[in-house]
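Working notes, beginning with the structure itself.
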């Protein structure tokens, strides 16, 4: 069998110029910048000429600029101000909200925070007065008694809403020429008379469904026809142009879908180009994000070679100078033009997506950025590219699109005397006409300029308006600075070459912007992932795969393991039953005994210093990175992972190792480490067979423990390979042993008294069984054997109608169907506000149809198989049950290739209540529940009532709704305005509570100390942090009555950890807040008065509710407490013990131990039972992480307002 023979899309070999582009993608900034500075440096006489011209142009702009536009407004309301942020949110959202109630709520939420009236009055211009009047009126009414809610009841809210909507439309009118192309052509006549030519662009964004792509294609064809009939100009260079966004023409405009895109889009482009050629209309490819560049070039190259338009000079391509590939890209366009004997129109821009490109690289853990991090480097690149373009008059027709007077002046100084057809400038409608008017209106003309004018309806206005507000509001932009009279003329026209020579060494990146691998500080380096959009990276990655099927083996592994015996069981590919991946021999009782004896006697690792242990973990991380190809092959074949999922998992494994290595060093340096617990059993799952296995083993080893790893029976092969990497990296063989097998192997290990701790990831039911087995057991340190479990989740995402669908649909798709829904964090329940729910569900269906369900041995695969036949049967049984019960069920058709594996199509099921679902469904099934606006609290409560509390998402632009939902949810990981999967190690520690796990969180600060004996809490609260009010009241109650108990309580509540919040490191545009919250309800079961008071103090010190189980003589004090304490402390009957989140018991107390048996015997969640003598305060707290996409409203303002250092 030939493996991965069809993995990459079919394509011709890269030309040398295309290879140069791919090589340049993520070069270090200094290397990419090296040749640009020299090329952009002008002779002294030309520099003087450019400076004089720039001063003239800028003075003209400041003298003649309109004062009633967005530029003035952004000076009044800067981006970083509350008003500026509100403007961005309203501009991007308000006009797309379908219902009036949510529009009113958004206005109330955003406007109420700003000082809008301060900017109004008689003196400011009309535009600013109109906008600030609408905003300030809303703000005043919001602050008045009854606010906008009361006003709405008196029919006044529509008046306010219409005022704010009109202000948004006024802002949009500066940048959008017209709603239809016919109107645009008529309105352009005035600019045409001044000497400007026209380029039009539709407001279509990237398509997500076939219907959206069809609409964009139809509009493009219609626009060519209209421009041809009604556009003016004689020569091609005077004729109008159509600027085309290629990603609007196909719902899967991605590298992974190259075959589809080429087959489906290229014929459309050929037809469009033929009509444009007949109509004498320019066809220009617009700028896209960097990950789409290779695909855009594939289409452009193919179009230039199309015989139907041979020799036509009307094709254009946009180059973004902030991209490190810009100069090699121009060289390729020159080569292409010469090869196809045409003149290519080159539109050169500075770049439109800088903050998005940076965030994208960080999220994907790429080696470097594709863009320059300093603005002056982009400006220098622009001049270098312009100079190169001017050198190729026969091959290129340069179109220099810029709003920067210094850039314009430099090009005028570099270029020969202008004549028609030599080159032209370009600007955006509403942003540069004043700057260019002196050049195009004089006779003879000094230059030509084309205005790019977007055309479209208000419903599509939001994203484009946000981009323009960001550009006008960014303090580094020329437009913002020219409107800011505090910026001197000298500073405004400063030579970027001079600015770029200041930082030493030349070309060094912005020091305030860390590389993706350096986001976590000096303590550890993050994993680096290959760039799956880079053709060379992909080819190098696949080259490491074996051409023929390898057969892997797994068996019990350990230094004293008996010779393997028993039947070798076959492991097959879940996506292709005919792919025999390997064989496994299960552990037998004598193997288990040998492993336990070896682990119990292990001393080498136990005595290894913390520094040496950390170094070993770091070496394992390197080994995983170096053995990437084998591990990827195993993940794809044994676990059914797509390449994207597999590469992400390897990065997660590497990050686990480096995180725990760094934490171990830190604990050692601060004297906060402890002694090993002994032998830790790690039971890892099949859905993350590398990351979960490595994370469990790494943290247990970091604690100095010996580890016995019991991998899932479905994925033993990759576990065996990982173990070999640990041993090859210098780990003593006795410190890590492997016992593959079915559940009985794990059960035998759990039952053995030589096990001193258990880490488990899997189902809640199995975790509950383990907890029963461990109850009452103590390890070799004398403390109870801990169970650290990460289990299931009934995870939900709440989406209200304020969220643009084009932003939320991708988050829903990845959250629900990535990994075929086989993540514990996968989205199971979609809560959709009923206003607009029909459109969301329809678009979601359309987007699902475009996903590729199939074998992951091809790059185009989006959704792979379920892990086994049993998993498939369970999911199908649930879908059938729901269908029979009358719930609407929707599924797309499946391809023939899925018949060879365990596939289930992405499934949508509409439900009436969250409780209708039952238990977690581990597969690609999304339940949709519509809710009314007033039901928000109720639907979150319904989620909490399921008992699961792993992940929860909120998608809203209304901060009040976000705050309410986050505060109400019990989930351990909460995500705001982003997907709910993909928690990052050390940034978003992962884990839940209740039915979703017992904690501590994986990749968080509390797990490693939990696997050490005597390790203090690694977290410290500031001295000013408050002690919970109930704990203070309890202490005040005890002090006059029982001073010895009061002293003990004062000691156990002094930690002040409840409410502690830490800002976690992470990518730009996101914030992650790690918080310690009360665990919930703590059952304190004791027999003596002092022990009970001690237990109650511990529970109250963590902010919890307390249940008391004790004899009468131990609870006499309870009759004397204040009402405040009586509300949080309740005595319970041993015959009717209520639900609790944890237990504190007095060792040796018979009634307490019986209560623990009762609670543990129940079905449901794992209830940790802690010994009062060994419990630590942090164990009674719940870890919560709230991660927020701060860039959801259009961009990362922090990056946008960042100045070059």
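Numbering (this note's numbering), first residue to last: 185 to 1389. For each residue, glycine too, the CB sits at the ideal point set by N, CA and C.
query = Going by Cα to Cα distance, which pick from 1113, 1091, 1094 and 1255 is closest to residue 1162?
reply = 1255
request  = Go to residue 409, then tell me how far its alpha helix (DSSP H) extends in each direction, as first and last residue.
outcome  = 394-414
task = Could you check what DSSP says for residue 381 in three-state terms: helix, strand or coil?
result = strand
query = Smallest Cα separation from residue 216: which of 269, 692, 373 and 275?
reply = 692
ask   = Just the Cα atoms here: how many angstroms apart are residue 393 and residue 777?
value = 57 Å
inquiry  = What residue range does the alpha helix (DSSP H) around residue 522 cover?
reply    = 510-524
task = Starting from residue 1364, trace the alpha helix (DSSP H) both ways and give me its first and last residue.
result = Run containing residue 1364: none; DSSP gives neither H nor E here.
task = Would you check if the stretch 708-728 and the stretch 889-905 touch, i.e. whether three or more CB-CB distances between them fall below 8 Å?
result = no
message = Helix, strand or coil, according to DSSP, for residue 1297 in the structure here?
response = helix
task = Assign residue 1235 to one of two classes, buried (16 or more other C-beta atoms within 10 Å of its C-beta) or exposed (fewer than that).
result = exposed
request  = Determine, using beta-carbon pairs with one atom in the stretch 1151-1160 and one in the stretch 904-917, whether at least three such pairs fall under 8 Å.
outcome  = no
query = Just to confirm, are residue 125 and residue 771 a CB contact at a threshold of 9 Å?
reply = Nothing about residue 125 can be read from this structure; the chain reaches only from 185 to 1389.
task = Would you mind working out which of 286, 1107 and 205 sits nearest residue 1018, comparing C-alpha positions?
result = 286
ask   = Do you know offhand how far residue 917's Cα is from residue 1185's?
value = 28 Å
ask   = Cα separation between residue 919 and residue 1127?
value = 42 Å
request  = Rounded to whole angstroms, what's the CA-CA distance from residue 450 to residue 531? Just pull it up for me.
outcome  = 21 Å
message = So for residue 1164, helix, strand or coil by DSSP?
response = coil
request  = Would you give the residue range spanned by the beta strand (DSSP E) that residue 991 belongs to?
outcome  = Note, residue 991: premise wrong, no beta strand (DSSP E); alpha helix (DSSP H) at 989-1001.
message = Which of the three DSSP states is assigned to residue 1185 in this structure?
response = coil
Chain-order list of residues whose beta-carbon lies under 7 Å from that of residue 1303 (same chain, five-residue window excluded) = none
C-alpha gap between residue 900 and residue 998, whole angstroms = 27 Å
ask   = residue 791 lies in the beta strand (DSSP E); which residues open and close that run?
value = That residue, residue 791, is in no beta strand (DSSP E); its alpha helix (DSSP H) goes 788-791.
query = On the three-state DSSP scale, how would you describe residue 952?
reply = helix
request  = May I ask you to report which of helix, strand or coil DSSP gives residue 421?
outcome  = helix
key: Whole-angstrom distance between residue 1232 and residue 1273, CA atom to CA atom   = 13 Å
key: Buried or exposed (CB count within 10 angstroms, at least 16 for buried), residue 1089   = buried
task = Flag this pair as yes or no: are the beta carbons of residue 867 and residue 782 separated by less than 9 Å?
result = no
ask   = Within 8 Å: the Cβ of residue 1046 and any heavy atom of the ligand NAD?
value = Ligands are entirely absent from the displayed structure, and the ligand NAD is therefore not among its contents.
inquiry  = Does residue 378 pass the burial test, meaning 16 or more other C-beta atoms within 10 Å, or should it be called exposed?
reply    = exposed
Proximity below 9 Å, CB of residue 507 to CB of residue 555 = yes
ask   = What's the gap between the Cα of residue 753 and the Cα of residue 767?
value = 5 Å
ask   = Can you round the beta-carbon distance between residue 431 and residue 472 to whole angstroms, since I take them to be within the 8 Å contact cut?
value = 6 Å
ask   = For residue 427, which beta-bridge partners are listed by DSSP?
value = 385 and 468
key: Local Cβ density within 10 Å of residue 1051, reported as buried at 16 or more and exposed below that   = buried
inquiry  = Three Cβ pairs or more, each shorter than 8 Å: is that satisfied between the stretch 966-986 and the stretch 1191-1206?
reply    = yes
query = How many angstroms separate the CA atom of residue 835 from the CA atom of residue 542?
reply = 19 Å
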